[in-house]
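Protein chains in written order, with the numbering used here: chain A, 1452 to 1848; chain B, -9 to 299; chain C, 297 to 391.
1) Is it buried or exposed, residue 179 of chain B, if we count other Cβ atoms within 10 angstroms and call 16 or more buried?
2) Using 8 Å as the threshold, is the C-beta distance between residue 1479 of chain A and residue 275 of chain B below it?
3) In chain B, what lies closer than 8 Å to residue 1522 of chain A by C-beta?
4) How would you call residue 379 of chain C, buried or exposed, if buried means at least 16 neighbouring beta carbons within 10 angstroms?
5) Pick from A:1483, A:1574, A:1544 and A:1521: whose alpha carbon is nearest that of residue 1812 of chain A?
6) Between the beta-carbon of residue 140 of chain B and the beta-carbon of residue 151 of chain B, is there less than 8 Å?
7) Here's a check: name, in chain order, each residue in its chain whose Cβ is nearer than 8 Å to the Cβ of residue 1709 of chain A, leaving out the five neighbours to either side.
8) Going by the C-beta, is residue 237 of chain B closer than 7 Å to any heavy atom of the ligand ATP?
9) Compare the C-beta of residue 382 of chain C against all C-beta atoms of chain B and say whether one is closer than 8 Å.
10) What does residue 62 of chain B reach in chain A if we use C-beta pairs closer than 8 Å?
11) Helix, strand or coil for residue 14 of chain B? Go by DSSP, reduced to three states.
12) Name, please, each residue of chain A whose Cβ falls closer than 7 Å to the Cβ of residue 300 of chain C.
13) Hey, is residue 308 of chain C's beta-carbon within less than 8 Å of any beta-carbon in chain B?
14) Distance, Cα to Cα, residue 280 of chain B vs residue 1651 of chain A?
15) Can you check whether the C-beta of residue 1729 of chain A is within less than 8 Å of a C-beta belonging to chain C?
16) With a cut-off of 8 Å, does the C-beta of residue 1740 of chain A fall near any C-beta of chain D?
17) Once the 5 residues before and after residue 29 of chain B are set aside, which same chain residues still bring their CB inside 6 Å of it?
18) Can you list the beta strand (DSSP E) stretches of 3 or more residues lying completely in the segment 1686 to 1724 of chain A, in chain order?
19) Whole-angstrom Cβ separation of residue 1824 of chain A and residue 1629 of chain A, contact assumed at under 8 Å?
20) Counting only C-beta atoms, is residue 299 of chain B closer than 8 Å to chain C at any point?
21) Does residue 1668 of chain A come within less than 8 Å of chain B when only Cβ atoms are used?
22) In whole angstroms, what is the alpha-carbon distance linking residue 1594 of chain A and residue 1683 of chain A?
23) Residue 7 of chain B touches chain C at which residues, Cβ-Cβ below 7 Å?
24) Taking all protein chains shown into account, do 16 or more other C-beta atoms lie within 10 angstroms of the C-beta of residue 299 of chain B, making it buried, or fewer, making it exposed?
25) Taking C-beta pairs closer than 7 Å, name the residues in chain C that residue 1664 of chain A reaches, listed in chain order.
26) Looking only at DSSP bridge pairs, what is residue 1464 of chain A linked to?
27) Residue 227 of chain B to residue 42 of chain B, Cα distance in whole Å?
28) Measuring CB atoms only, is the segment 203 to 219 of chain B touching the segment 111 to 123 of chain B, in the sense that at least three cross pairs come out at less than 8 Å?
29) Can you give me the C-alpha to C-alpha distance between residue 1454 of chain A and residue 1546 of chain A, rounded to a whole angstrom?
30) Do you know how far the Cα of residue 1711 of chain A is from the Cα of residue 1452 of chain A?
31) Is it buried or exposed, residue 1520 of chain A, if we count other Cβ atoms within 10 angstroms and call 16 or more buried?
32) Pick helix, strand or coil for residue 1673 of chain A, following the three-state DSSP scheme.
33) Could you tell me whether any Cβ in chain B is nearer than 8 Å to the Cβ of residue 1694 of chain A?
34) Residues of chain A with a CB under 7 Å from the CB of residue 305 of chain C: which are they?
35) Is the separation between the beta-carbon of residue 1577 of chain A and that of residue 1776 of chain A shorter than 8 Å?
36) Chain A partners of residue 318 of chain C, CB-CB under 8 Å?
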């Protein structure tokens, strides 16, 4: 750690931590609509508003579609904006996701990951964000309340960077993170203020400089704007890394595209997103004591996908078990595993790989099940064939 | 009331846009921009106006303008207004949301309802050409009874749309808005005065303006204004305003022109003149009179006798 | 290979399809749409401006004594001819 970063430890759950981050980031406009398990975020923020602790315009809108639409309008008017949703809410605003990225409006949105209906289920899995992963937003995943707080603060800087100008989702697992209390190290207000700074929009709705936003583009122009978005997304990793380095100075915590635990001398590893990494690390540490060489790779930065870093970290492994907490129906693998398969194809690494789908609809993935996955990955690492490249763990037959 | 000579000559909308020859909404939009007296920020729903005025890289707009999606123009306007409130600049700008009847009566009603309920300071203008014109003349909640559209075609069994037109202003009044009004683009003075009144309201205001479509209604391009006038003079489209819940007829029609004079020049009503559909023509007339009576009574006018046909 | 090679590429276009030049549609001379053109009988025109307020384009300009038609943009709808209270506008076949 560089200087002594005096941070208070405050007992907060993931939702509260996110709301607190939005407060410290001096957001101008918040659009709020309730959906379990995100609701605490907007409730907590409304407390700040009602008590005069923030000067934010707080819009209790009539649907999630309107929530994000209002955010886009505000962002175009030059404001720093924030909203939060889950599951059905995210699905409802699906077209607005593409709108925001296409119009290049920075927005920070917390997605408290919850399963998509049907059947209706209010608990945690990644089907909501995975269902919209192509929307052109930068997608970050938190493992716990601390990371949810930290990533939300960084998200404002990342999205508002003039070379990026893209909206960002900060994903946190529903109930597991959103409702579980932790001691969150909270950075001082004025340090955060300085870190997030003031937004300087590239273009904005301004009577002094009239511009047209959202014109029709015919086949002769549409492709060029999509290509621009690709370029912006490709510029993001550099910005994400720079912001992470700056963040380290005020927090003592270093973020990057991925987080690796005991992978350097591992034979096999589990790769995952979000809170399940915590269980995986505990089990991996226990297995290490028994001499089993296993590690855990957790991805913070899911979009843009850190292909090169992933390839680098996988190249020393003989086998990786990729956990997906969502089903990609009809596809060869789950979403994350599809990305790893593509990484292998693009980079030529030979790491063996199999997909495990678990933890759907909030089903707890137990240490015994994680251990089973590790054992399977070690068997694979030692040359045993993979009979079931995609398997469901913890599902009753 | 305004005089034409005092209106600004600056054209903040057009020329060079691709609205159809004789387009009612185009003329209505021009009038609107002349009515606004503060710098404007325009929010436009998907539809004829938006699509035909901004085909990249051409824009007919000389004010800040944004189009996002079809059903959310009121929500986007709400977001913009919130930003301006935060900056303390909401009083210096007129935020005007334009939506067609499709984007307002149907898919946009939720966002409009929310924005009205939260009392955002903006003006919502619904330019009503009585169908989803931009996608090729499909029926909307604003299409009148008996009209032929591509999704309510005049068939041998079912002669056009068999549902009545939604009461948009009634819906807005139910939200407790300070000002809501109907207008017809043929009555430029009434319309411009109303736009100014709406913009002056500190809070939401809604104007529902009839803007005929030569292509969709199937009439000669030169008849747009004349038909917008006949719509009023036949009592088909009552022109009134509602201030804090109090109705007032703006254009009284003591001696209505027979409805047929409004219907006959339009291809979309032609089938109603076939003998087998006379009962539907009568039903449309009955609905027109019933609606007129309703508005008259709400306006405190004496009970008006029905049209003599 | 695109057939639009003469148009600007993604590296030079303003991001997000923002149009920074207001009124750029002026380059689109919609006068080419016309089948008929309005002709003014200047002696009859009282400069009442009724045609001017109703023109959808706009293709009518306010002059000192009378209105003038802007044939670059006039689509020939004929609303001006119908609405003119003095019948000062006639629609002639476009040559």
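Glycine included, C-beta positions come from ideal geometry on N, C-alpha and C.
Considering the structure as presented:
1) The sequence position of residue 179 of chain B within the second chain is 189, counting from 1. With fewer than 16 Cβ atoms within 10 Å of its Cβ, residue 179 of chain B is classed as exposed.
2) Taking the first residue of the first chain as 1, we reach residue 1479 of chain A at position 28. Taking the first residue of the second chain as 1, we reach residue 275 of chain B at position 285. No, they are not a contact pair.
3) Translated into the one-based positions of the first chain, residue 1522 of chain A becomes position 71. Residues of chain B passing the Cβ test: 69.
4) As a first step, residue 379 of chain C is located in the third chain; it is residue number 83 there, counting from the start. With 16 or more other Cβ atoms within 10 Å, it is buried.
5) Reading the first chain from its first residue, position 361 is the one you call residue 1812 of chain A. Nearest of A:1483, A:1574, A:1544 and A:1521 to residue 1812 of chain A, Cα basis: A:1574.
6) As a first step, residue 140 of chain B must be located in the second chain, where it is residue number 150. As a first step, residue 151 of chain B must be located in the second chain, where it is residue number 161. No; because the gap between Cβ atoms is not below 8 Å, this pair is not in contact.
7) Numbered from 1 along the first chain, position 258 holds the residue referred to as residue 1709 of chain A. Answer for residue 1709 of chain A: 1748, 1749, 1750, 1751, 1752, 1757, 1760, 1761 and 1764, listed in chain order.
8) Among the components modelled here there is no ligand, and therefore nothing to report on the ligand ATP.
9) Mapped onto the third chain, residue 382 of chain C falls at position 86. No, because no Cβ of chain B sits closer than 8 Å to the Cβ of residue 382 of chain C.
10) Counting from one through the second chain, the residue named residue 62 of chain B turns up at place 72. 1516, 1517, 1520 and 1547, listed in chain order.
11) The residue given as residue 14 of chain B occupies position 24 in the second chain. DSSP places residue 14 of chain B in helix when its eight states are reduced to three.
12) As a working mapping, residue 300 of chain C is identified with position 4 in the third chain. Near residue 300 of chain C (Cβ distances below 7 Å), the residues of chain A are 1671.
13) For the purposes of this step, residue 308 of chain C is taken as residue 12 along the third chain, with counting starting at 1. Not an interface residue.
14) Stepping through the second chain from its first residue, residue 280 of chain B is reached at position 290. Stepping through the first chain from its first residue, residue 1651 of chain A is reached at position 200. For residue 280 of chain B and residue 1651 of chain A, the distance between alpha carbons rounds to 56 Å.
15) Along the first chain, one-based indexing puts residue 1729 of chain A at 278. No, residue 1729 of chain A lies away from the interface with chain C (no Cβ there is under 8 Å from its Cβ).
16) Here the protein chains are A, B and C, and chain D is not one of them.
17) Counting from one through the second chain, the residue named residue 29 of chain B turns up at place 39. Hits under 6 Å: 83.
18) 1709 to 1712 and 1719 to 1723
19) Counting from 1 along the first chain, the entry for residue 1824 of chain A is found at position 373. Counting from 1 along the first chain, the entry for residue 1629 of chain A is found at position 178. Not really, about 25 Å apart at Cβ, beyond 8 Å.
20) Within the second chain, numbered from 1, the residue matching residue 299 of chain B stands at position 309. Because residue 299 of chain B carries a pLDDT of 48, less than 50, the predicted location of this residue cannot be relied on, and the following value inherits that uncertainty. Taking Cβ atoms only, chain C never reaches closer than 8 Å to residue 299 of chain B, which makes this a no.
21) For the purposes of this step, residue 1668 of chain A is taken as the residue at position 217 of the first chain. Yes - at least one Cβ of chain B is within 8 Å of the one on residue 1668 of chain A.
22) Within the first chain, residue 1594 of chain A is the residue found at index 143, counting from 1. Within the first chain, residue 1683 of chain A is the residue found at index 232, counting from 1. Distance between the alpha carbons of residue 1594 of chain A and residue 1683 of chain A is about 26 Å.
23) Looking up residue 7 of chain B in the second chain gives position 17. Correct list: 321.
24) Residue mapping note: residue 299 of chain B aligns to position 309 of the second chain, counting from 1. Reliability of the predicted coordinates at residue 299 of chain B is poor, the pLDDT of 48 falling under 50, and no value is obtained from them.
25) For the purposes of this step, residue 1664 of chain A is taken as the residue at position 213 of the first chain. The contacting residues are 314.
26) Counting from one through the first chain, the residue named residue 1464 of chain A turns up at place 13. BP columns for residue 1464 of chain A point to A:1632.
27) Here the question's residue 227 of chain B lines up with position 237 in the second chain. Here the question's residue 42 of chain B lines up with position 52 in the second chain. Looking at the two C-alpha atoms, the distance is approximately 26 Å.
28) yes
29) Walking along the first chain from the start, residue 1454 of chain A turns up at place 3. Walking along the first chain from the start, residue 1546 of chain A turns up at place 95. Annotation note: pLDDT 48 at residue 1454 of chain A (below 50); position unreliable, coordinate value reported separately. One C-alpha to the other measures close to 45 Å.
30) Counting from 1 along the first chain, the entry for residue 1452 of chain A is found at position 1. Counting from 1 along the first chain, the entry for residue 1711 of chain A is found at position 260. Because the pLDDT at residue 1452 of chain A is just 43, under 50, the model does not fix this residue reliably, and the value given afterwards should be weighed accordingly. Their Cα atoms are separated by approximately 20 Å.
31) Counting from one through the first chain, the residue named residue 1520 of chain A turns up at place 69. Burial call: buried.
32) As a working mapping, residue 1673 of chain A is identified with position 222 in the first chain. Residue 1673 of chain A: helix per DSSP, three-state reduction.
33) Counted from its first residue, the first chain places residue 1694 of chain A at position 243. Answer no: the Cβ-Cβ gap between residue 1694 of chain A and chain B never drops below 8 Å.
34) For this step, residue 305 of chain C is matched to residue 9 along the third chain. Ordered by position in chain A, the residues that pass the 7 Å Cβ test against residue 305 of chain C are 1675.
35) Locating residue 1577 of chain A in the first chain gives position 126, counting from the first residue. Locating residue 1776 of chain A in the first chain gives position 325, counting from the first residue. In contact: residue 1577 of chain A and residue 1776 of chain A (Cβ atoms closer than 8 Å).
36) For the purposes of this step, residue 318 of chain C is identified with residue 22 of the third chain, where counting begins at 1. Those within 8 Å of residue 318 of chain C in chain A are 1661, 1662 and 1663.
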